[in-house]
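A.B. asks: The sequence shown: position 78 = 78 (UniProt numbering), numbered continuously.
We treat Cβ as the ideally placed atom computed from N, Cα and C, and that holds for glycine.
Note that the coordinates shown come from a computational prediction; the quantities given were computed from them, not determined experimentally.
The structure is given below, and queries will be raised subsequently.
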Amino acid sequence: MSDRRKIDRSDVDLVAYIFGDGGSQRCRVFNISEDGAGIELPTKLHMRATFKMMLERDRIIRDCRFVWSSDTRIGVVFKAD
């Protein structure tokens, strides 16, 4: 997979929650930038095209667009307001 990111991501290990359709799932963010994130899920899940994510540390809710998946890892871009 070629890297088409405009901004380099920083490696992190952050607890986050993804949610939509009335449910939520705890996950781990393994890299992040202003534009998007790499997320590791506890199990392989079918992901919606768009959903919300909240980092536990800052509690800011980000609108996400699903971009790629590989086993239990997914990549997202943050949607602009």
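1. Going by beta carbon distance, what residues of the same chain come within less than 6 Å of Ile39, once the five residues before and after it are set aside?
2. Within 10 Å of its beta-carbon, does Lys60 have 16 or more other beta-carbons around it, so buried, or fewer, so exposed?
3. Taking C-beta to C-beta, are Phe78 and Arg62 nearer than 7 Å?
4. Check the DSSP bridge columns for Ser69 and list the partner residues they point to.
5. Measure the alpha-carbon distance for Gly23 versus Ile7 and round it to whole angstroms.
C.D. replies: Working from what's here:
1. Excluding sequence neighbours, Ile39 sits near Cys27, Val29, Ile74.
2. Residue identity differs from the one stated: residue 60 is Ile in this sequence, not Lys. Residue burial annotation: Ile60 is exposed, with fewer than 16 other C-beta atoms found within 10 angstroms of its C-beta.
3. Between Phe78 and Arg62, the CB-CB gap stays under 7 Å.
4. According to DSSP, Ser69 bridges with Ile74.
5. In this structure, the straight-line span from the alpha carbon of Gly23 to that of Ile7 is close to 31 Å.
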